[in-house]
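Peer 1:
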Amino acid sequence: MNQQELLPHLFRTEYRKIISVLWKRLGIEHIEIAEDIASHTFLLASETWGQKGIPKNPTAWLYTVSKNKMLDLLKHQRIFNENVSFELALGKTSAQEIEIDLSDKNINDSQLQMMFVICNPCISVQDQICLSLNILCGFGSEEIADAFLTNRESIYKRLARSKEKLRSAQIKIGLPPQVEIDKRLDTVLTTLYLLFSEGYYSTSKNEPVRKELCLEAMRLNSMLTENEQTNTPSANALLALMCFHSSRFEARADKHGDLILYEEQDEALWNKELIQIGEYYLNRASHGKQLSKFHLEAAIAYWHTNKTDTTEKWENILQLYNKLLQIEYSPVAALNRTYALAKANGNKVAIAEAEKLDLKDNHFYFTLLGELFKATDHEKAKSYFQKALLLAKTDSEKQIILKKIERC
Amino acid sequence: MKEFLLVFRRDFVTREVQPSPEQLQNMMKPWQDWMGSLGAQNKLVSSGNRLASEGRVVKPSKAIINGPYVEMKEAIGGYIIVKANSIDEAAELAKGCPVLQIGGNVEVRTVVGADDNT
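Sequence order for the protein chains is A and B.
The opening residue of the first sequence carries number 4 in my numbering; numbering runs sequentially from there.
The opening residue of the second sequence carries number 178 in my numbering; numbering runs sequentially from there.
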């Protein structure tokens, strides 16, 4: 790896580790100091490595520099005087005595704890995602803005606001007690799920950023499954779900970045290895009695890793959606359930069910009705597709619907 | 939207009308399809519980007798909670319940909310 590739790579993997360790050491109120030290370390790396060449062990270099920067900062009288709580938090009076533990174990523990801090219910789920991207994934406000299709200023404000909330709530940095882990882990998993979805379904055409979001979500999820306390069936189920979905990454967009629908994808481009890894985690998720929505979604995604239509496949998918909808309603699940119903029990039953759905402002709803009438009533199908076209928001959605109208 | 309790009752006593294990197995799909349909309409509040046929009845004298049924053949087999605009709409939803196919019935009752004085 040359320097141009190495630094961004290290930034992705090491930035969050340095921040987590420092932040944990400094306490919740000093997030900005941890961020400053980590950023300065990388700035110094880009300057120094450019002149003197890449050090033998770049990661160790980063750790040493950030550690020294932290010690320097602690020596700085101003902080000691101005911030009593800072001093108290450290419980020491002399900077020389301070230990900064950058061992693998402490790095890993700190990152896990950071995930729980960031996914604290005192900040909104959207803010949790932003902050996760920023601190755990090393995304700048520009990149986050790109993923969320918004501007840099609003992301910047959002980040500042969430940090302030964490600070004023005086969240303790650490894993919740074992009895609370399951409940708190739900929030963490939901954030990771949304982080992944943001990358997978975002309408942003910036493919590299979207892919990176998905990979980051998987990386963080793996940290949970590698830790004994957080290696729950749900965490494994979510990781399985992400593996199955991302196996289609190469097949789902054409060379212009336009979406290719599942039915039209080239199966040869599906990543078989990721599918296998997904099966491994789905197996691990099946221990115990827990049946979370991640289990159900992972199982649905598993059936979709094989394109062959069989009654067994669609009956299974239908039953999984039936269960999913009993746990949690979502318009997407309602529509997909109706589609599975058509495949398993026939269009007639599915049309009757579709008509009961109250989704008249949803273009996917009318696309589905168009599909269900396509074989029997061309005119009706066409009129439903036209309704969908009026409601569709993005160009690529409109293109897909236009193609359907042409084929009627 | 109000919440309504749907209580499923059927005859658990008369031997001739008891469904075979195979029939019970075949009932799984209609039940799941019906509950999934309510879920897809965003009308399901709680998927409730299924109840086993065994039960005890405690009398005012504190005497305990066998059987879930008080004075009749029909006993409660399960319940769910749905949401609907009116009790009539809730009753419409109950029409899809598979218990009706084996001679059972569904009782629809309005759940009284905390700030409900009616």
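Virtual Cβ for every residue (Gly too), placed ideally from N, Cα, C.
Considering Cα atoms alone, identify which of A:L188, A:E210, A:F151 is closest to N137 (chain A).
Peer 2: A:F151
Peer 1: Name, please, each residue of chain A whose Cβ falls closer than 8 Å to the Cβ of Q209 (chain B).
Peer 2: Q322, N325, K326
Peer 1: With distances taken between CB atoms, is the gap from K260 (chain B) to M178 (chain B) smaller than 8 Å?
Peer 2: Yes.
Peer 1: Considering only residues of the same chain and omitting the five flanking positions on each side of L372 (chain A), which have a CB-CB separation below 7 Å?
Peer 2: A357, Y387.
Peer 1: Does the distance from the CB of K292 (chain A) to the CB of L327 (chain A) come in under 8 Å?
Peer 2: no
Peer 1: Looking at the unbroken alpha helix (DSSP H) that takes in G213 (chain B), where does it start and where does it end?
Peer 2: Residues 198-217.
Peer 1: Applying the 10 Å Cβ sphere with the 16-neighbour rule, what's the burial state of Q99 (chain A)?
Peer 2: The predicted position of Q99 (chain A) is uncertain, since its pLDDT is 49 and thus under 50; a value taken from the coordinates is nonetheless stated next. Flag for Q99 (chain A) reads exposed.
Peer 1: Based on Cα-Cα distance, which residue from B:S224, B:E251, B:G213 lies nearest to E231 (chain B)?
Peer 2: Ranking B:S224, B:E251, B:G213 by CA distance to the CA of E231 (chain B) puts B:E251 first.
Peer 1: Considering only residues of the same chain and omitting the five flanking positions on each side of K166 (chain A), which have a CB-CB separation below 8 Å?
Peer 2: I34, E35, L134
Peer 1: Terminal residues of the continuous alpha helix (DSSP H) containing E146 (chain A)?
Peer 2: 144-151
Peer 1: Quick one: is Q278 (chain B) buried, meaning 16 or more other Cβ sit within 10 Å of its Cβ, or exposed?
Peer 2: exposed
Peer 1: I want to see whether chain B comes within less than 8 Å of Y332 (chain A), judged by CB atoms only; does it?
Peer 2: yes
Peer 1: L277 (chain B) CB to nearest chain A CB: under 8 Å?
Peer 2: For L277 (chain B), the answer is no, since every Cβ of chain A falls outside 8 Å of its Cβ.
Peer 1: Starting from the C-beta of I241 (chain B), find all residues in its chain whose C-beta is less than 8 Å away, skip the five residues before and the five after it, and write them out in chain order.
Peer 2: R233, V234, V235
Peer 1: Within its chain, find whatever has a CB closer than 6 Å to the CB of C122 (chain A); leave out the 5 residues flanking it on each side and keep chain order.
Peer 2: By the criterion of a C-beta distance shorter than 6 Å, C122 (chain A) is surrounded in its chain by Q131, T190, V191, T194, once the five residues flanking it on both sides are discounted.
Peer 1: Exposed or buried, what is T233 (chain A) when buried is set at 16 or more other beta-carbons lying within 10 Å of its beta-carbon?
Peer 2: Buried.
Peer 1: Can you find a C-beta in chain B that's less than 8 Å from the C-beta of R222 (chain A)?
Peer 2: Not closer than 8 Å to any Cβ of chain B, the Cβ of R222 (chain A) fails to qualify, so no.
Peer 1: For C411 (chain A) and chain B, any beta-carbon pair shorter than 8 Å?
Peer 2: no
Peer 1: I want to know whether the region 341-348 of chain A touches the region 312-322 of chain A - three or more CB-CB distances under 8 Å.
Peer 2: Because the criterion of three Cβ pairs below 8 Å is met, the region 341-348 of chain A and the region 312-322 of chain A touch.
Peer 1: Check whether chain B comes within 8 Å of A299 (chain A), counting only Cβ atoms and requiring the distance to be less than that.
Peer 2: The sequence given here has Leu at residue 299 (chain A), not Ala. It does not: the Cβ of L299 (chain A) has no partner Cβ on chain B nearer than 8 Å.
Peer 1: Could you name the residues of the same chain whose beta carbon sits closer than 8 Å to that of C125 (chain A), not counting the 5 residues immediately before and after it, in chain order?
Peer 2: K168, L169, A172, I174.
Peer 1: Quick check on K359 (chain A) - is its C-beta less than 8 Å from some C-beta in chain B?
Peer 2: Output row for K359 (chain A): interface = yes.
Peer 1: Return the first residue and the last residue of the alpha helix (DSSP H) that G425 (chain A) is part of.
Peer 2: Given a span of 4 to 411 for chain A in the structure shown, any question on residue 425 (chain A) remains unanswerable.
Peer 1: Whose C-alpha, out of A:S333, A:N309, A:Y204, is nearest the C-alpha of S399 (chain A)?
Peer 2: Measuring from the Cα of S399 (chain A), the nearest candidate turns out to be A:Y204.
Peer 1: Do the region 38-45 of chain A and the region 11-26 of chain A touch if we need at least three Cβ pairs shorter than 8 Å?
Peer 2: yes
Peer 1: Please confirm if A217 (chain B) has its CB atom under 8 Å from at least one CB of chain A.
Peer 2: yes
Peer 1: In chain order, what residues of the region 182-214 of chain B put their CB closer than 8 Å to some CB of chain C?
Peer 2: Among the chains of the structure shown, chain C does not appear; the protein chains present are A and B.
Peer 1: Starting from the beta carbon of T341 (chain A), find every residue of chain B whose beta carbon is closer than 7 Å, and list them in chain order.
Peer 2: A217
Peer 1: Going by beta carbon distance, what residues of the same chain come within less than 8 Å of F189 (chain B), once the five residues before and after it are set aside?
Peer 2: Q195, S230, P245, Y246, K250, E251, A252, G254
Peer 1: Using DSSP's beta-bridge definition, name the partner residues of G255 (chain B).
Peer 2: B:F185, B:R227
Peer 1: For A148 (chain A), I'd like the list of residues in its chain whose CB is within less than 7 Å of its CB, leaving aside the five on either flank, ordered along the chain.
Peer 2: Cβ neighbours of A148 (chain A) beyond the five flanking positions: N154, R155, I158.
Peer 1: When the cut-off is 8 Å and only beta carbons count, does E17 (chain A) lie next to chain B?
Peer 2: no
Peer 1: With 8 Å set as the bound, which would you pick, yes or no: does the beta-carbon of E356 (chain A) sit closer than that to a beta-carbon of chain B?
Peer 2: yes
Peer 1: Only counting runs of 4 or more residues, tell me where the alpha helix (DSSP H) segments fall wholly within the region 306-379 of chain A, in order along the chain.
Peer 2: 314-330, 334-348, 350-357, 366-376
Peer 1: Would you say A98 (chain A) reaches chain B, if we count a Cβ-Cβ gap shorter than 8 Å as a contact?
Peer 2: With a pLDDT of 47 at A98 (chain A), under the threshold of 50, the predicted position of this residue should be treated as unreliable, though the coordinate-derived value follows. Output row for A98 (chain A): interface = no.
Peer 1: Helix, strand or coil for E38 (chain A), going by three-state DSSP, please let me know.
Peer 2: helix
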